[in-house]
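Participant: First residue of the sequence shown? That's 699 in the numbering used here, and the numbers climb one at a time after it.
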Amino acid sequence: MTNPPSPATHRPSSQRFLFPFLFLILYSLFLLITPKLSAQTQNTVSATSAPAQQALKTFTLDETLSALRLDAGLRSDAGLRPAAKSGETANFRWDPFLQSGAFSLGDHNGVFTAAAAAGETGFLLLDGREVFTVLLPYRQGGALVFPENFVKTLQGAFTRSFEDDASRFRIAAIIIDPGHGGKDPGAIGNPEVNSKPVRAVEKDIVLNVSKALNTQLSRAFPDKRVLMTRDRDVFYSLEERVAIANSVSLNENEAIIYISIHANYVFNQNVRGYEVWYLSPNYRRNVLDRSRYNDSADIIAIRNAMLEEEFTTESVILAQSILRSLGQTLGNTVPSRGIKAEEWFVVRNSHMPAVLVELGFVSNPQDAQMMTTEGGLQKLTEALYKGIIEFVSVFERSGGFTAAP
Ligand SMILES: [Zn+2]
């Protein structure tokens, strides 16, 4: 009986050809991958053998610093502002006693302790909170040398930090609104101090404080826009003031704060003290520019409510910060009347966290004197300045409180 070859009988012979072929492919792949794996192992885990040291690519301090230049290795996307300016150079500090070095770029830093010899791994600490395992820099002929793995890790860490900074909420503008002006003097008081009347006019007091505050804030924040709704004795309607504030264009991650400055009046001359107002949480505003969003009306309403909530929270925190600073700067002798909520027009219609500060009572002798003498005005300005600075730094460091997505 003949067994004619069937397709089935040929299978083993074709497999016999296939197996060595597959083996060859896998083996050549293995050969291709192996040097990379071992190179990685040497770079990240240990490289104590002599051949590994020879293979180690290193940079000098100058080369490392230039690799860390923001415009060289780090991205700076248009419209976003990293903590380091484009072109800003990295700095290096060396502590010979601790044998530790620190690179800094903008607000960020990377700290390490040098190794005794090439190939040792250890920690690179970023901004005091993030740890990377790297091949450590070491001394060679009296100078520090930096392994490629170390430089690339540090560069990557800085790049990510700046990208995080850029997407973080920041205060782009501060609007100072001196109340009243021109034909509208605001409150006028003539209380007597030592039998002499002190003429205290709200529009002048708040303009003086606002101008001084504007100078201080502009100096403190060269990268922010500090604006005044009026810088002289002119009358602007409330609508015009709000329009000035709302005309400031913002990037997606930017916010404006609005500080309206006023002085109080009441018939009872004994009433005195400062107070800070913020927007009533019950009031619903149209805080979003609808043309920017394609969402349905329902979603816009929900977003508005959320943004409203956020602005309210931020307004309250700003109010607290200013009130606390007034207390610290003016001391116990001037009473704090606390934080109040009201639907002030300026505050209500501003598309931003906003507060209204009542510096004191023009009707009260001590308050009037404080608000009309240079020393008193300086103290009031200083209090507002410190309160705003504190708010801005907390806001920007925390990523915009509730604003972070
Ligand atoms: Zn007023």
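Backbone N, C-alpha and C fix where the C-beta goes; we use that ideal spot for every residue, glycine too.
Taking 8 Å as the cut-off, decide whether the C-beta atoms of R1035 and Y972 are in contact.
Facilitator: Going by C-beta atoms, R1035 is nearer than 8 Å to Y972.
Participant: Regarding G880 and ligand 2, is the C-beta to nearest heavy atom distance less than 7 Å?
Facilitator: Among the ligands present in this structure, namely ligand 1, ligand 2 is not found.
Participant: Give the straight-line distance between the Cα atoms of G839 and S798, rounded to the nearest whole angstrom.
Facilitator: G839 and S798: Cα-Cα distance of roughly 17 Å.
Participant: Is DSSP giving T732 helix, strand or coil here?
Facilitator: Bear in mind that a pLDDT of 43 at T732, under 50, signals an unreliable position, so the number given afterwards is only what the model happens to contain. Of the three classes helix, strand and coil, the one that applies to T732 here is helix, per DSSP.
Participant: Going by other Cβ atoms of all chains shown within 10 Å of its Cβ, with 16 needed for buried, is T1071 buried or exposed?
Facilitator: When all chains shown are included, T1071 counts as exposed.
Participant: Who are the near neighbours of E1088 in its chain, counting only those whose CB is closer than 6 Å to its CB and skipping five residues on each side?
Facilitator: Excluding positions up to five away in sequence, the list reads S1019.
Participant: Have a look at I873 and A943 and give me their C-alpha separation to the nearest angstrom.
Facilitator: C-alpha separation (whole angstroms): 7 Å.
Participant: Taking 8 Å as the cut-off, does the stretch 1019–1031 touch the stretch 839–854 (at least 3 CB pairs, one atom from each stretch)?
Facilitator: They do not touch, by the three-pair rule.
Participant: Can you determine whether any heavy atom of ligand 1 sits closer than 7 Å to the C-beta of A943, and answer yes or no?
Facilitator: Checking the Cβ of A943 against ligand 1 gives no.
Participant: Pull up the CB-CB distance for A1017 and V1053, whole angstroms please, since I reckon it's below 8 Å.
Facilitator: Yes, A1017 and V1053 are in contact; Cβ-Cβ is about 5 Å, under 8 Å.
Participant: State the DSSP-derived secondary structure class of L824, mapped to helix, strand or coil.
Facilitator: DSSP places L824 in strand when its eight states are reduced to three.
Participant: In the structure shown, what three-state DSSP assignment does P1063 receive?
Facilitator: P1063: helix per DSSP, three-state reduction.
Participant: Provide the residue span of the beta strand (DSSP E) that contains T811, from first to last.
Facilitator: T811 -> beta strand (DSSP E) spans H806 to T811.
Participant: Name the two residues that bound the continuous alpha helix (DSSP H) containing D760.
Facilitator: Per DSSP, D760 belongs to the alpha helix (DSSP H) from L759 to A765.
Participant: Report yes if the C-beta distance between V891 and Q1076 is below 8 Å; otherwise report no.
Facilitator: Not a contact, by the Cβ cut-off of 8 Å.
Participant: Should V832 go down as buried or exposed, given a rule of 16 or more other Cβ atoms within 10 Å for buried?
Facilitator: Classification of V832: buried, given that the 10 Å Cβ count is 16 or more.
Participant: Please output, in chain order, the residues near ligand 1 using a CB cut-off of less than 5 Å to any non-hydrogen atom of the ligand.
Facilitator: Checking every Cβ against the heavy atoms of ligand 1 under 5 Å gives G877, G884 and H960.
Participant: Return the bridge partner residues of L842 from the DSSP annotation.
Facilitator: Its beta-bridge partners are R837.
Participant: Out of curiosity, what's the CA-to-CA distance linking F1093 and A788?
Facilitator: Going by the C-alpha atoms only, they are around 26 Å apart.
Participant: When DSSP builds the beta bridges, which residues end up paired with V1053?
Facilitator: Answer is I957 and Y976, bridged to V1053.
Participant: For a test of the three-state rule: what should DSSP assign to L948, helix, strand or coil?
Facilitator: Reduced to three states, the DSSP call for L948 is coil.
Participant: Can you give me the Cβ contacts of L905 inside the same chain, cut-off strictly under 6 Å, excluding the 5 residues immediately before and after it?
Facilitator: For L905, where only same-chain residues beyond five positions count, the Cβ hits under 6 Å are P876.
Participant: Terminal residues of the continuous beta strand (DSSP E) containing L925?
Facilitator: First-last of the beta strand (DSSP E) with L925: R923 to M926.
Participant: If you draw a straight line from the alpha carbon of L763 to that of D862, how long is it in whole angstroms?
Facilitator: Distance between the alpha carbons of L763 and D862: 21 Å.
Participant: According to the neighbour-count rule (16 or more other Cβ atoms, all chains shown, within 10 Å of its Cβ), is F801 buried or exposed?
Facilitator: The residue is buried, with at least 16 neighbouring Cβ atoms inside 10 Å.
Participant: Checking the sheet assignment: what are the DSSP bridge partners for L803?
Facilitator: L803 pairs with H806.
Participant: DSSP three-state call for F1089: helix, strand or coil?
Facilitator: In this structure, F1089 counts as helix in the three-state DSSP scheme.
Participant: Identify whether R990 lies in helix, strand or coil by the three-state DSSP scheme.
Facilitator: Low local confidence applies: a pLDDT of 38 at R990 is under 50, so the model's placement there is unreliable, with the coordinate-based value given in what follows. DSSP places R990 in helix when its eight states are reduced to three.
Participant: Going by beta-carbon coordinates alone, are I957 and I1086 separated by less than 8 Å?
Facilitator: Going by C-beta atoms, I957 is nearer than 8 Å to I1086.
Participant: Decide if E761 is buried, meaning its Cβ has at least 16 other Cβ atoms within 10 Å, or exposed.
Facilitator: Counting Cβ neighbours within 10 Å, E761 comes out exposed, since fewer than 16 surround it.
Participant: Tell me whether F795 is buried or exposed, calling it buried when 16 or more other Cβ atoms sit within 10 Å of its Cβ.
Facilitator: So F795 counts as exposed.
Participant: List the residues that DSSP assigns as beta-bridge partners of K1038.
Facilitator: Answer is W975.
Participant: Using only the alpha-carbon positions, how far apart do G820 and R1095 sit?
Facilitator: About 29 Å.
Participant: For the candidate residues R858, R970 and A961, whose alpha-carbon lies nearest to that of V1032?
Facilitator: Here the closest residue by C-alpha is R970.
Participant: Nearest-angstrom Cα distance between V743 and S859?
Facilitator: Only weak support is given to the placement of V743: the predicted model assigns it a pLDDT of 39, under 50, and the value that follows is read from those uncertain coordinates. Each residue's alpha carbon lies about 25 Å from the other.
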